[in-house]
Structure formats: C-alpha cells, structure tokens
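Chains as they are written, first to last, in the numbering used here: chain A, 840 to 1178; chain B, 840 to 1178. Cβ atoms here follow ideal geometry from the backbone N, Cα and C, with glycine treated the same way. Just so you know, these numbers come straight off a predicted model, no measurement behind them.
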C-alpha cells in the first residue's frame, strides 16, 4: 500500500507542472487561504455559500492567490494578513467571474455549467456583490489602508476594463492597442495589485514596485495566452468551449492580427463572421484556419512571450531565492501553455 | 392629516420643510459630498460617468449621506473623512440600486427610466461594480480601518438581504418576521452603518452605538413606509409607479397583514393575485382596497411609528443639540410620509 502510494507520488512528481510545484511549496499558505475562502463565504442565506462554493471550488487554478503568496514569501514572511489578502484577491476574481457570466451570457465556466445556469442571473449578481464585500472585510484584517487602497483602485479599474470590453464587442476593427488597454484593466490590474499588496503584506516596501511590474506583465501575458487558447485548445484542455469569444463577438489578439493580415476576400469573411448576427456554425473552423495560416497565432505567442520577458526582468531587482525563481518558472509555464 | 391619496400637496410641503431645513444646516457638508460624488464617478470610459451621474443625480433624497453627516455633526466636527464616508455610503446605495433594477427587472427608478433601460443590463451591473469599488477607495480616505470594516460588513449583509428578498418573491405566506429580516438586511444595515461610521468619522466612539441604533430603526421604518407607499401614493409623489412591488410579486408588510386578516374568499384572491403568472391588470386596485378595508395600512403605519419611536429613544442618550433635534425631526418626517 505504502509502496503504491510512493510510486504514485513519484509518477506525479515526474509530470508535475510548475503551478503544481508552487502549490506544494505554498501548501501551508494555500491551506490557510482555502480555509478562509470556505469560512468567509458562509452565510445564513444558504444559496450564498452554495453558489460561491460551487464557483470557488470549480477547479480554479488559484493563480492570483499563488502570485500573492509567492510575492510575500519572496520578500518576507506570510501570516494571517497575507492569507486574508490572498483570499480577498480570489473573492474579487470570483465576483468578477460571476458578473462576467451574466454580462457575457456564458453557459460554461471552468469546464462546468456557469453558476447562473443553475441559480439564475439575479443570484449570480447578488452573490458576486456578497463576495466582493467579503473581500473588503478580509482586507481590513491585513491592517493596511494602503492594501485596501491598492485593491479598491484595482477593482474600479477592472470594472472599467469590463465596460471597455463590453463596448468593444463586435467592433471588428478593434486596434491591438485597444485590446491591450482592455486586458490591462480587466486582468493585469488584479495581478499587479495582488503582487504589490502581497509584498506589502509581508512588510516589504522596497520590492513592491518590482513585484507589481512582474504581476502586471504576467497578467497581460496570461490573458493573451488565455484568449489565444480559445482558438487553439480543446474543451478538455482549457476547461471551456473553444470558440466562446468568437461566438460572443469578443475581439482578441489572434483575430486582430489575422484580420490585419487578411486578403480583401478574407476581410469580408472576418467582417461577416465577427458579427454575432451574421455568423454561421461553420465560421469558427475557418477562423481558426485563417489564424493559423496567417501566422497570427505565432505572432500572438510572441507578444505573450515579450510580456513574460518583462515579467522576468522585473524579478531581477529582487534578491535571488527559491520564491523568486519559482515566480520566474511560473512566467515560463504561462508561455508554455500557448505552444 | 388624512390618510388619503389626495393629500399630495400637504405631503410635498412637509417634504420640503424637513428636507430644506436639514439641507440648509448641512449645506457645506452636502456640497463637499456632492463634489466627491461627481469627481469620483469620473472615468476615461465615458459610459461610466454618464450612467452613474444619471442615477446619482436622479433626484435621490441623499437620505443616507444626510444621516451620515448629521450623525457626525451631532457628536463632533466634519471634515474630508466624513464627506468621503458620506459619498461612499451614497455610492454603495447607488450600486445596490443599479443591481436591483437588473434583478427586479424594473423599468422606472426615482421617477425616471431605469438606467438599464438606457444603457442595458450589462453596463448597469458593471457600473454598479465600479461605484462599489470607488466607495471603498473613498473610505480609505477616512483613515479608519474600523469604518471600512463596518461598511464592508454592512455591504455583505445588504447582499444577503437582496438574496433573501429574491427567494421570498412570490412566497405568498411570507411571515412578517421574514419580511423584517429582509428589510433589516437590505435597508436598515446601511442606515445603521452610516450613522455609526458617521459618529466614528467625527472621532466619537462614545455615541456611535446610540447613533447606530437610531440609524437601524430609522432604516426599518423608512423601508416599511416606502413599501407602504407602493400601495398608497401616486407616481408624482413617490417617484415610482404605484404597484411595482405587487406586479413583481414582492411581498411587503401591508400585503402580509391584509392577507392574515383576509376572509377565505379574499385569501383566494391574494393567492392568485400574488402569483405573477395569474395576476391580472385589475388586481392592484382590489389589493389596495383590501389593504385599506382591512386596516392593514394603519397597522403598517403603526409598525413604522414604533420603529421611529425606538429611533428617537436611541437619540436620548446623546447630548441635546440642534443636530440631534434635526435627526429626531427626520424620524418624525419619515412617519409623516405614510399618513
């Protein structure tokens, strides 16, 4: 029995991803964070913990808490403040997902039925509000007004990014710079805030800016990769239906580049296919073909790798230790996902 | 004053007298608060200030900022911290309204077209999130973690109340105690937090609990009255369509009492009419008739007056000054609205 378990562990060791290795290194911190996520989603109103446990436990990668905790470890020690912060960051992210699903009208989330398909739009909106409020109660426990300022500012920037994205839906000639402004706000701002506040929660002012730059660039790359996988993965791998963005008329980098490089004929295809009203069921596979044939997927991967380079450069300002190295590995891992 | 639909002019006069006196007394504080509401709803994403200015300026009574500011004045001096708090409280309230309109599917708000009818559900959800985030940034400027704790806790309680209300929709046999639990969470919690935090923002720990009890009971009475007006006012007076709650199947105190007192025949009416599916256009006027004939409106008014008495009793712990007296007048005014 013991032998079996050991060989299983060894087998797992061999195939462990960087994220899993980080999870091992952060096991204690993550356990404390998970306990807070569970405890603070409690409510006498049963649907609230039901719905939030459903989405909080729905196979999320805990990437934002991991960045928070590893940033803290890289520059100091963790304690209740850092754990509360990591849980708060995940609650903010979760609240955003719940509201996103209503805004995007998505049916799947993290490979499972979206919460709104089970509990309805209204409950998803209100439980999102609940988790957002609980995030701020958790942050009070860091004892730092500066951290509250960083995360509340990031939260308003996220909402701005979501509104920008809403307005860009179906805008076929969206510029790459507009796309970058959207993902900087809706995704990178929270990674940046998580890393900066993580450092501050461990008592380090000195490296907070470098870690913030790491978080920002990792977040940009992460979103570029995530958007690219919507044209290059399978449901099993990426945990969502391929082509979600395409079907919603959400314009992302692979499409922007492919459309820029398109022939006059292909431009006509893109303009029709990117309108939800005139899109047909066959358009997705042709869109994927054009994205690959034009080299847009490679160009997208290069853009992501450039941001990951910037993320790793920011880490060079930090003292060399196992946490800084693992954050650098995390950036590499993010780049590997797209290839 | 008589309890009829025809006392419109008298009610409006009473409104002007109390509101104008309080607004005069608080003129400087309210101007500072308004300036913050305008300034902090700014965003490079134009739809955000457009939508939030629309709802923030939509004739709201600023009752919550007034309670916040008057509570602070009653026990000390106001300054940027109190003004930031008052603006934060109004932003939280506004965010709740925006999400409420989506959840309730209301077409009118404060007598105007609901924001979601102009900008859509998605923008209303996201701008609500934006204002909620900005509320917390404002609160950081109070410099008080305790205030942030009070308001973030109140915000999660509000969301709990909204979920409870959602679940109670169409529940014809809703108990009065369930109704009270709903309005305590969705309305009284914010008034309580506003008054408590207002006192703290002026540096007074000593009277914070008494002011919190004032706020809580005022909030309960205010919501009871507001719900009662849905069966007893006109669009011109209360700024919303009469019968909104009825049409949405929202069960409030006048209905609960009328249904408890109903004959077997009238119970059949209530059970059919309170189901959105089986309700007819004529049911509202019969419901209003039954509410009046059964004395349910008077009983509802009495319940409100009881809470207003408790609110005024809480003020007796405070030193006598013009601010405490004006808070007491505010309670009286709230009671006059129903008659």
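{"Check": "Coarse secondary structure for residue 1045 of chain B, derived from DSSP in three states", "Outcome": "coil"}
{"Check": "Start-to-end residues for the alpha helix (DSSP H) that takes in residue 996 of chain B", "Outcome": "984–1007"}
{"Check": "Other residues of its chain near residue 1034 of chain B: CB distance less than 6 Å, five sequence neighbours each side excluded", "Outcome": "906, 910, 1050, 1051, 1053, 1054"}
{"Check": "Residue nearest to residue 1066 of chain A in terms of C-alpha spacing, selected from A:1101, A:1057, A:1083", "Outcome": "A:1083"}
{"Check": "Neighbouring residues, chain A, relative to residue 976 of chain B (Cβ below 9 Å)", "Outcome": "987, 988, 991, 992, 994, 995"}
{"Check": "Cβ shell of residue 982 of chain A (< 8 Å), same chain only, five flanking positions each side left out", "Outcome": "920"}
{"Check": "Coarse secondary structure for residue 952 of chain B, derived from DSSP in three states", "Outcome": "strand"}
{"Check": "Whole alpha helix (DSSP H) elements within the region 1058–1112 of chain A, 4-residue minimum", "Outcome": "1074–1077, 1083–1087, 1092–1099, 1103–1112"}
{"Check": "C-beta neighbour in chain B for residue 961 of chain A, strict 8 Å", "Outcome": "yes"}
{"Check": "Segments of 3+ residues assigned as beta strand (DSSP E) that fall wholly inside the region 901–985 of chain B", "Outcome": "none"}
{"Check": "C-beta neighbour in chain A for residue 982 of chain B, strict 8 Å", "Outcome": "yes"}
{"Check": "Through-space distance from residue 1124 of chain A to residue 1038 of chain A, alpha-carbon basis", "Outcome": "44 Å"}
{"Check": "Contacts that residue 972 of chain A makes with chain B (C-beta to C-beta distance below 7 Å)", "Outcome": "991, 994, 995, 998"}
{"Check": "Neighbour-count burial assignment, residue 1073 of chain A, 16 or more Cβ in a 10 Å radius", "Outcome": "Residue placement at residue 1073 of chain A is flagged as unreliable, the pLDDT there being 36, under the threshold of 50; the coordinate-derived value follows with that caveat. Exposed is the call here."}
{"Check": "Contact check, residue 924 of chain A vs residue 986 of chain A, beta carbons under 8 Å", "Outcome": "yes"}
{"Check": "Close beta carbons around residue 889 of chain A, own chain, < 6 Å, minus the five adjacent residues each side", "Outcome": "none"}
{"Check": "Pairwise C-alpha distance: residue 935 of chain A and residue 944 of chain A", "Outcome": "14 Å"}
{"Check": "CA nearest to the CA of residue 1064 of chain B, picked from B:1165, B:1174, B:881, B:1019", "Outcome": "B:1174"}
{"Check": "Proximal residues to residue 1111 of chain B (C-beta, below 7 Å), its chain only, five neighbours per side dropped", "Outcome": "1117"}
{"Check": "Closest residue to residue 1162 of chain A among A:883, A:951, A:865 (Cα-Cα distance)", "Outcome": "A:865"}
{"Check": "Buried/exposed call for residue 1121 of chain A, threshold 16 Cβ in 10 Å", "Outcome": "exposed"}
{"Check": "Environment of residue 1102 of chain B [buried if 16+ CB atoms lie within 10 Å]", "Outcome": "exposed"}
{"Check": "Residue 1005 of chain A vs residue 963 of chain A beta-carbon contact at 8 Å", "Outcome": "no"}
{"Check": "Residue 869 of chain A versus residue 1149 of chain A: straight-line alpha-carbon distance, rounded", "Outcome": "27 Å"}
{"Check": "Residue 1019 of chain B versus residue 1136 of chain B - alpha carbon distance", "Outcome": "16 Å"}
{"Check": "Under 8 Å between C-beta atoms of residue 886 of chain B and residue 958 of chain B", "Outcome": "yes"}
{"Check": "Straight-line gap, residue 1127 of chain A to residue 1099 of chain A (C-alpha atoms, nearest Å)", "Outcome": "15 Å"}
{"Check": "Any chain B beta carbon closer than 8 Å to residue 965 of chain A", "Outcome": "yes"}
{"Check": "Proximal residues of chain B, C-beta to C-beta of residue 882 of chain A below 7 Å", "Outcome": "999"}
{"Check": "Span separating the alpha-carbon of residue 883 of chain B from that of residue 903 of chain B", "Outcome": "28 Å"}
{"Check": "Presumed contact (8 Å Cβ cut-off) between residue 1058 of chain A and residue 1008 of chain A, rounded CB distance", "Outcome": "The pair is not a contact, with the Cβ atoms about 21 Å apart (cut-off 8 Å)."}
{"Check": "Backbone CA spacing between residue 1234 of chain A and residue 1169 of chain A [nearest angstrom]", "Outcome": "Here chain A covers residues 840 to 1178 and nothing more, so residue 1234 of chain A does not appear."}
{"Check": "Straight-line gap, residue 1076 of chain B to residue 984 of chain B (C-alpha atoms, nearest Å)", "Outcome": "Here residue 1076 of chain B scores only 46 on pLDDT, less than 50, and its place in the model should not be relied on; the value that follows carries that caveat. Computed Cα separation, rounded: 40 Å."}
{"Check": "Cut-off 6 Å between Cβ atoms - residues of its own chain near residue 974 of chain A, not counting five sequence neighbours on either side", "Outcome": "927, 930, 931"}
{"Check": "Burial state of residue 1152 of chain B, where buried means 16 or more other Cβ atoms lie within 10 Å", "Outcome": "exposed"}
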